[in-house]
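Presented below is the structure to which this report refers.
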Amino acid sequence: MSSRPAFEVMGIVNVTPDSFSDGGRYLDADAAIAHGLELAAQGAAIIDVGGESTRPGAEPVTETEELRRVVPVIEALRAALPDTRISVDTCKAAVARAALDAGAEIVNDVTALRGDPEMAALVAERGVTVCLMHMQGEPRTMQDDPHYDDVVGEVAQFLAERLAAAVAAGVAAERVILDPGIGFGKTVDHNLELLHRLDELVALGRPLLIGTSRKSFLGRLTGREVDDRLAGTIATNVIAFERGARIFRVHDVGSVHDALTVAAATVAA
Ligand code: PMM
Numbered sequence: 458m459s460s461r462p463a464f465e466v467m468g469i470v471n472v473t474p475d476s477f478s479d480g481g482r483y484l485d486a487d488a489a490i491a492h493g494l495e496l497a498a499q500g501a502a503i504i505d506v507g508g509e510s511t512r513p514g515a516e517p518v519t520e521t522e523e524l525r526r527v528v529p530v531i532e533a534l535r536a537a538l539p540d541t542r543i544s545v546d547t548c549k550a551a552v553a554r555a556a557l558d559a560g561a562e563i564v565n566d567v568t569a570l571r572g573d574p575e576m577a578a579l580v581a582e583r584g585v586t587v588c589l590m591h592m593q594g595e596p597r598t599m600q601d602d603p604h605y606d607d608v609v610g611e612v613a614q615f616l617a618e619r620l621a622a623a624v625a626a627g628v629a630a631e632r633v634i635l636d637p638g639i640g641f642g643k644t645v646d647h648n649l650e651l652l653h654r655l656d657e658l659v660a661l662g663r664p665l666l667i668g669t670s671r672k673s674f675l676g677r678l679t680g681r682e683v684d685d686r687l688a689g690t691i692a693t694n695v696i697a698f699e700r701g702a703r704i705f706r707v708h709d710v711g712s713v714h715d716a717l718t719v720a721a722a723t724v725a726a
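Printed below as a string of structure tokens:
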């Protein structure tokens with residue numbers, strides 16, 4: 458029983474008016490902080506705090522506004538949760554820098570260090586962990602007509618290249634998490650193919666993060682609205698775990714943590 462494969466649940470706190478499933482719910486700092494505390498109590502090892510929505514069609518947010526949204530939340534969570542890691546979901550180096558100063562220790566950059574020319578140097582200099590995610594296109598237009606000849610091969614190649622670029626910029630390879638970016642410039646079939654062949658991404662040798670939580674492909678498969686996609690979220694996370702993913706970015710931390718605890722126990726049995 459003691460050799461159970463480890464997993465970590467990353468709980469999502471979106472301090473945004475327009476994220477697709479929880480937009481507007483935690484825009485107020487106190488509500489966001491209370492939500493982060495609740496997710497930690499439910500078993501989140503990491504709390505991911507974001508101040509800019511990356512939903513398809515989302516408009517960019519100014520640096521000042523993003524800082525205003527995330528920094529007080531990170532400061533308060535850091536003070537209240539000494540055993541929980543905090544990550545900042547941003548592609549702006551200035552926001553990442555302020556978040557790290559406020560106590561975050563992971564940078565979750567959905568542009569995989571391509572969005573801001575100063576981001577790679579910042580991550581290298583601070584020696585922090587970075588999540589590099591695949592995205593085809595940019596949030597405003599990424600779902601217009603995504604196309605791949607071989608989605609898994611192309612995502613794997615992209616992640617390998619971004620890992621190499623990070624290392625070339627001075628980031629330790631051991632500090633890198635990789636993420637195929639479910640829903641970022643991908644059709645339903647692309648997302649399913651990535652989940653089906655996840656082992657090809659695990660072979661890149663870095664921990665894999667998966668974010669399927671409440672995403673639209675689950676709605677397309679089940680006919681469920683965004684607040685009613687927990688079963689699909691659990692199914693995809695358990696399958697991703699079984700295929701080698703190790704970090705699970707979700708809104709419904711308690712339920713997914715329970716599901717992964719059971720999945721991990723069966724793997725070890
Ligand atoms: N998905 C969203 C935002 N940030 N970060 C990573 N690393 N992986 C993801 O899949 C991901 C992300 C969009 O979901 P949200 O609007 O519910 O936060």
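For the sequence shown, my numbering gives the first residue as 458, with consecutive numbering after it.
Beta carbons are placed, not taken as given, at the ideal position from N, Cα and C, and that holds for glycine.
It should be emphasised that the depicted structure is a prediction, and the values quoted were computed from it without experimental measurement.
With distances taken between CB atoms, is the gap from G500 to R535 smaller than 8 angstroms? no
Please list, in chain order, all residues of the same chain as I691 whose beta carbon is under 7 angstroms from its beta carbon, the five residues on each side excluded. S712, V713, A716
Between L665 and A702, which are expected to be in contact by the criterion C-beta below 8 angstroms, what is the C-beta distance as a whole number of angstroms? 4 angstroms
Just tell me which of G594, P539, A722, A578 has its CA closest to the CA of V628. A578
Need the endpoints of the alpha helix (DSSP H) that M592 sits in, please. Per DSSP, M592 belongs to no alpha helix (DSSP H) and is neither H nor E.
Host alpha helix (DSSP H) of G689 (start-end): 687-699
C-alpha gap between K624 and A555, whole angstroms: It should be pointed out that residue 624 corresponds to Val in this sequence rather than to Lys. So the two alpha carbons sit approximately 23 angstroms from each other.
Kindly give me the distance between the Cβ atoms of D636 and G668, rounded to whole angstroms, as I take these residues to be in contact under 8 angstroms. 7 angstroms
Quick check: what's the CA-CA separation for H591 versus I504? 21 angstroms
Could you tell me whether any non-hydrogen atom of the ligand PMM is closer than 7 angstroms to the CB of C548? no
With the cut-off set at 8 angstroms, would you say M599 and G642 are in Cβ contact? yes
Per DSSP, R738 forms a beta bridge with which residues? Outside the modelled stretch of the chain, which goes from 458 to 726, sits residue 738, for which no answer is possible.
So what does DSSP say about T723, is it helix, strand or coil? helix
Excluding five sequence neighbours on each side, which residues of the same chain lie with their C-beta closer than 6 angstroms to the C-beta of N694? F705, V713
Of all the options L496, I531, V545, which has the alpha carbon lying nearest to the alpha carbon of A486? I531
Would you grab the beta carbon distance between R583 and I563 for me? Rounded to a whole angstrom, and I think it's under 8 angstroms. R583 to I563, Cβ: 11 angstroms. No contact.
Return yes when the C-beta of S673 is under 7 angstroms from any heavy atom of the ligand PMM, and no when it is not. no
Quick one: does the C-beta of G507 sit closer than 7 angstroms to a heavy atom of the ligand PMM? yes
Considering only DSSP beta bridges, list what G507 is partnered with. N471, D546
Does the Cβ of H492 have 16 or more other Cβ atoms within 10 Å, making it buried, or fewer, making it exposed? buried
Measuring alpha carbon to alpha carbon, tell me which of M467, G481, P513 ends up nearest S673. P513
Suppose the cutoff is 8 angstroms on Cβ atoms and the five residues either side in sequence are ignored; what does the same chain contact list for G572 look like? C548, K549, D566
Assign H708 to buried or exposed, taking buried as 16 or more other Cβ atoms, counted over all protein chains shown, within 10 Å of its Cβ. buried
Rounded to whole angstroms, what's the CA-CA distance from R700 to L655? Just pull it up for me. 6 angstroms
By alpha-carbon positions, which one of C588, P539, G676 ends up nearest to A553? C588
Have a look at L524, L570, A537, P574 and flag the residue whose alpha-carbon is nearest the alpha-carbon of L557. L524
Cutting at 8 angstroms between CB atoms, please list the residues of its own chain near F615, excluding the five before and the five after it. A569, H591
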